[in-house]
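Chains as they are written, first to last, in the working numbering: chain Y, 1 to 213; chain H, 1001 to 1345.
Quick reminder that beta carbons are idealized off the backbone N, C-alpha and C, glycines included.
Presented below is the structure to which this report refers.
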C-alpha cells in the first residue's frame, strides 16, 4: 500500500514541476485551423475593390436568415466593386448564425468566407450584430473616407492568426455606443450618398428578428 | 519605589509585551491563512497543469485580499428558526479555538536582548501540550453548535458526522503525542524542543509522527479525511447554512488549524526552531521553525491533491482499529524502553 501512496505522490509532484498547459486567453491565442468556420470575412481583390457585388445570394442561402445585405448601384466613376452593384450595408447576426458556411458556398465571387476568429462572446446582444466594418478585410490602400470612419476598419488578418480583420467588434461597438450616447448619428459604412431608409438588423426595435419582446 | 505602568507584569512577562506578541500572532495567523489559501490554489493548479490565480496583482498575490473583500461584502443568508446566539458565536469559537492554540507554541528559543529575556511564545506554560490538546478539542463545539443552531437537517447531520470524526481522531492524536512527552519527560513545549537537541523525535518516534500527521489531517478536515465537507458528493456539512463573513470564519479556522497542526508537529517531532545540523546555527530559530512548518503545510496540500476521499466507515475503521491501537502500542513500547534505560542508568 505504501508503494502505491508514494507512487501517487510522486506523480502529482512531477506534474507540479512540469509546465502548465493553460493558454492565457486573450493575451495568448491558439491559431485556429486553416479551414476553421469562425466569424465571417468579407474579402477584397488585390486592388482593394470589394469582392461583394450585393447579389444577396448569401442571404438567400442562409438557413437561419441571419444575413442582411443592403445593395446599392456602383458609381461608374468610383466603383466599389467590379459588378453593377455593391453591398452598402452588410450585417450578420452572429447570435443567429450557425456557422454552416452555406453563405460562402453560395457566393459567386468568393466575397464571403468563414474566418479563423472564434472569440465571439459579449455582454450585449447589440454588439453581436457584425457590420460591414467588422467583417470587411483590411486593405492598406483603402479609401480615405473609410480610414476616417470612427467605426473603423484596420489590421491585416493574415498577420494575426486567430484574429479576424478590422477592429474587434467590442471596440467598434464601444465607439458606436459613444456616438449614440452623445446624440450623434451613426456614420453609415464607408461611402457617401447612402439612402437614409436603408433598414438595418441592428436597429433595436421593430426589426424582423426582435418582434417577440 | 515608583512602579511605572510599563513594568507591570503578567506572569513572567510585561503585559505590553504579551499584548504586542498576541497582536502579531493574530495578524500573522490571519495573513498566513489567507496566503495558505492562495498557496493551495497555486499548488493545486500546478499539480493539475494549470496556472492558478494570476490576475489580481503580480502573480495573483493580491487574490487573498480580493477574496476577503468579497466575503466581507457578501450577503449573510441566515436560516429562519436558527438559534440566534449560538449561530452567531459558533464561527467565532471555531476561529478562537484555532488561534488560541498558538499562545504556547515556541517559534524560537529564548533570546536575551538588553538584559531582557525574550520568549518566542506568548505564554510560557509548563503544561503547554495539555493546553493545546484542550484548546484544539474545543473546535468540535464550534462544528456541532454551528450545525445544530442552523436549524437545518443537512447542517445537523453534517455536524454529527464531523463530530464523530474529530472525537475519534482526537484520541489517536493524543496518544501519538504522548510518545514525545515520555521521551522529553515534560509537557512544556520549549523543553520538548530542547530535548531534541541531539536527535529529532521524528527519528526516535517515526510511528508517532505518522500517526500524528494522519490524525492531524483528519482533525483539520483535510483530504483524504474531508468527510465533514465532501464538496463533491454532499452539501457542505455543518456550515451548509453559513454564508459571507461567518462562513469566512469557519474557512479561516480550517486553515489556521492546518498551521497549528503543522506547527505542533514541527515543535514535537521536527526539532522546532533547532537547525537541521548544528553548523547552520547562524540562521535564526524562527526561520527554521517557519521553514519546517511550511514544508509540512506543503505536504498537507500535496496530499490533498493526490489522494481521493476515504469512505466514512473506512475512516472510522482507520481511526479506531489502526491508529488508536498503534498509538497505544507506541506508548507502551516507548514507555518500556525509557523505563529500562532509566533502570540501567
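- Query: Beta carbon of residue 1189 (chain H), beta carbon of residue 1128 (chain H): below 8 Å?
  - Reply: yes
- Is it the case that the Cβ atoms of residue 1108 (chain H) and residue 1285 (chain H) are separated by a distance below 8 Å? Taking 8 Å as the Cβ cut-off, residue 1108 (chain H) and residue 1285 (chain H) qualify as a contacting pair.
- Compute the beta-carbon to beta-carbon distance between residue 92 (chain Y) and residue 40 (chain Y), rounded to the nearest angstrom, for a pair I have assumed lies under 8 Å. Right, the Cβ-Cβ distance comes to about 6 Å (below 8 Å), so this counts as a contact.
- Item | Residues near residue 1034 (chain H) by beta carbon distance below 7 Å, same chain, minus five either side | 1064 and 1068
- Item | Sequence-distant residues of its chain with Cβ nearer than 7 Å to residue 1216 (chain H) (five each side left out) | 1173, 1261 and 1265
- Query: Could you give the residue range of the beta strand (DSSP E) that holds residue 20 (chain Y)?
  - Reply: No beta strand (DSSP E) contains residue 20 (chain Y), which DSSP labels as neither H nor E.
- Task: Ignore the nearest five residues each way along the sequence and tell me which others in residue 1185 (chain H)'s own chain have a CB closer than 6 Å to its CB.
- Result: Leaving aside the five residues that flank residue 1185 (chain H) on each side, none in its chain has a CB nearer than 6 Å to its CB.
- Mind pulling the alpha helix (DSSP H) runs of 4 or more residues that sit fully within the stretch 1146-1220 of chain H? Positions of the alpha helix (DSSP H) runs, each at least 4 residues long and wholly inside the stretch 1146-1220 of chain H, are given as 1153-1184, 1189-1194, 1201-1204 and 1206-1219 in order along the chain.
- Query: Going by the C-beta, is residue 1097 (chain H) closer than 7 Å to any heavy atom of the ligand COA?
  - Reply: This structure does not include the ligand COA; it has no bound ligands of any sort.
- Query: In chain H, what lies closer than 7 Å to residue 21 (chain Y) by C-beta?
  - Reply: 1049
- Query: Under 8 Å between the Cβ atoms of residue 67 (chain Y) and residue 58 (chain Y)?
  - Reply: yes
- Is there at least one Cβ from chain H nearer than 8 Å to residue 81 (chain Y)'s Cβ? no
- Message: Which residues of the stretch 1304-1323 of chain H have a Cβ closer than 9 Å to any Cβ of chain Y? Give them in chain order.
- Response: 1305, 1306 and 1307
- List the residues of chain Y whose Cβ lies closer than 9 Å to the Cβ of residue 1043 (chain H), in chain order. 16
- Taking only beta-carbon positions, decide if residue 1302 (chain H) is within less than 8 Å of chain Y. For residue 1302 (chain H), the closest Cβ of chain Y is nearer than 8 Å.
- Message: For a contact defined as C-beta to C-beta under 7 Å, what are the partners of residue 8 (chain Y) on chain H?
- Response: 1306 and 1307
- Query: In chain order, what residues of the same chain have a beta carbon less than 6 Å from the beta carbon of residue 115 (chain Y), not counting five sequence neighbours either side?
  - Reply: 38, 39, 41 and 164
- Thinking C-alpha only, which one of H:1333, H:1342 and H:1257 is nearest residue 1100 (chain H)? H:1257
- Message: I'd like the span of the beta strand (DSSP E) that includes residue 93 (chain Y), first residue to last.
- Response: Residue 93 (chain Y) -> beta strand (DSSP E) spans 85-93.
- Task: Answer yes or no: do residue 1158 (chain H) and residue 1228 (chain H) have a C-beta to C-beta separation smaller than 8 Å?
- Result: yes
- Message: Quick test of the definition: if touching needs 3 or more C-beta pairs under 8 Å, does the stretch 1035-1045 of chain H touch the stretch 1008-1017 of chain H?
- Response: Short answer: they don't touch.
- Query: Checking contacts by CB at 8 Å: is residue 13 (chain Y) closer than that to chain H?
  - Reply: So, interface residue.
- Message: Check whether the stretch 16-24 of chain Y and the stretch 1315-1325 of chain H touch, using three or more Cβ-Cβ pairs below 8 Å as the test.
- Response: no
- Does the beta carbon of residue 1239 (chain H) come closer than 8 Å to any beta carbon on chain Y? no
- Query: Under 8 Å, do residue 1139 (chain H) and residue 1097 (chain H) count as touching if we go by C-beta distance?
  - Reply: yes
- Locate the beta strand (DSSP E) running through residue 56 (chain Y), then write down its first and last residues. Element bounds for residue 56 (chain Y): n/a, residue is neither H nor E.
- Message: Strictly below 7 Å CB to CB, what residues from chain Y border residue 1119 (chain H)?
- Response: Those within 7 Å of residue 1119 (chain H) in chain Y number zero; the least Cβ separation is about 37 Å.
- Can you round the beta-carbon distance between residue 1193 (chain H) and residue 1269 (chain H) to whole angstroms, since I take them to be within the 8 Å contact cut? So it is not a contact: roughly 10 Å between Cβ atoms.
- Task: Taking residue 1118 (chain H) as part of the beta strand (DSSP E), name the residues at either end of that continuous run.
- Result: Per DSSP, the continuous beta strand (DSSP E) segment holding residue 1118 (chain H) begins and ends at 1116-1118.
- Query: What's the call for residue 1197 (chain H), buried or exposed, on a 16-neighbour Cβ count within 10 Å?
  - Reply: exposed
- Message: For residue 1106 (chain H) and residue 1273 (chain H), which I take to be in contact (beta-carbon distance under 8 Å), what is that distance rounded to the nearest angstrom?
- Response: 7 Å
- Task: Between the Cα of residue 4 (chain Y) and those of H:1307, H:1183, H:1315 and H:1328, spot the shortest distance and give me the residue it belongs to.
- Result: H:1307
- Item | Cβ pair count under 8 Å reaching 3, the stretch 1247-1254 of chain H against the stretch 1159-1167 of chain H | Contact fails: fewer than three Cβ-Cβ distances are below 8 Å.
- Task: Kindly indicate which three-state DSSP category residue 1105 (chain H) falls into: helix, strand or coil?
- Result: coil
- Message: By DSSP's criteria, residue 40 (chain Y) is part of a beta bridge. Which residues make up the other side?
- Response: As computed with DSSP, residue 40 (chain Y) is found in a beta bridge with Y:114.
- Task: Spell out a yes or no on whether the stretch 81-89 of chain Y and the stretch 44-55 of chain Y are touching, meaning 3 or more CB-CB pairs, one atom from each, closer than 8 Å.
- Result: Yes: at least three Cβ pairs fall under 8 Å.
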